[in-house]
Structure formats: structure tokens, C-alpha cells
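Contents: one structure, followed by commentary.
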Ligand code: AMP
Ligand code: ZN
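Numbering (my numbering), first residue to last: 13 to 123.
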């Protein structure tokens, strides 16, 4: 947890471009955008992987996804968006603090 990039961002120990924050999570711009708009939603609670979440942790994550889903206007995503959670090595998860990628601002490539 001490070496976690996203915990450091939450604590203000690393810089970020923050677009939104509440008691549950924050939304920042991804430092290496893969789409015209690429944001990351970071839960405030440190948990490394979605497959390690407790029932309560899953419910909190669901609440966060529910909130993001209704933020199209303020995030500039009224024409649609894609949410991605990478889990583990095969998915290419590089930061061990659960986060949700929010992609949009253009027509996204199909998988
Ligand atoms: P993942 O590969 O799913 O673990 O995603 C990690 C994401 O965090 C990548 O898209 C990185 O570009 C992004 N990232 C890493 N460090 C920072 C940072 N300091 N500020 C903003 N985004 C970051
Ligand atoms: Zn963390």
C-alpha cells in the first residue's frame, strides 16, 4: 500500500489532473491516454484486485460504477463511453489498486 501510485495520488503525494472527487472515489486523467478522453476512476479504499473483493467491497465498487454511469455530461462523454477493469497479468493490469478505465470522446475501436 505504501508504494501504491494511486494511494499516493489520493493523498496528494503525486500530482494528477483531478476531474472529480467524493467520499468513495476520484476521477483523474490517465497519464498515457489510449483514447481522446481516457480517465481513471480510483476508489479511495486500497484493494489490489477485483477477484479479492469482499461482498462489501464489490457493493462499493458497484456503487462507484453506478455513479460514473451517470456522469456523461460532466465528463464530456455524451456520445458514449467504455468502462474497463483490467484484472491480473493477462489483462495487463500494471497498478495493483483496483481502478476503472473510462474511455471515449471519439469512436472507439472494436475489440
Ligand atoms: P492498468 O494497466 O489497468 O493497471 O492501468 C494503469 C493505468 O494507470 C495506465 O493506463 C497508466 O497510464 C495509468 N497511470 C499510471 N501512473 C499514472 C499516473 N501517475 N497518473 C495517471 N495515470 C497513471
Ligand atoms: Zn492503493
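Cβ coordinates follow ideal geometry from the N, Cα and C atoms, glycine included.
Residue 53 sits buried, since 16 or more C-beta atoms from the chains shown fall within 10 Å of its C-beta. Residue range 67 to 80 is occupied by the alpha helix (DSSP H) that includes residue 73. Shown here, residue 101 sits in a helix according to DSSP, grouped into three states. Take the alpha-carbon of residue 64 and the one of residue 123: they are about 26 Å apart. Residue 66 and residue 72 have their alpha carbons spaced roughly 10 Å apart. DSSP lists 114 as the bridge partner or partners of residue 95.
Straight across, the Cα-Cα distance linking residue 36 with residue 76 is about 7 Å. Shortest gap from the CB of residue 58 to any heavy atom of the ligand ZN: under 7 Å. Non-local C-beta neighbours of residue 18 in its own chain, meaning closer than 7 Å and more than five positions away in sequence, comprise 54, 107, 109, 111, ordered along the chain. In the DSSP assignment, residue 85 falls within the unbroken alpha helix (DSSP H) covering 84 to 87.
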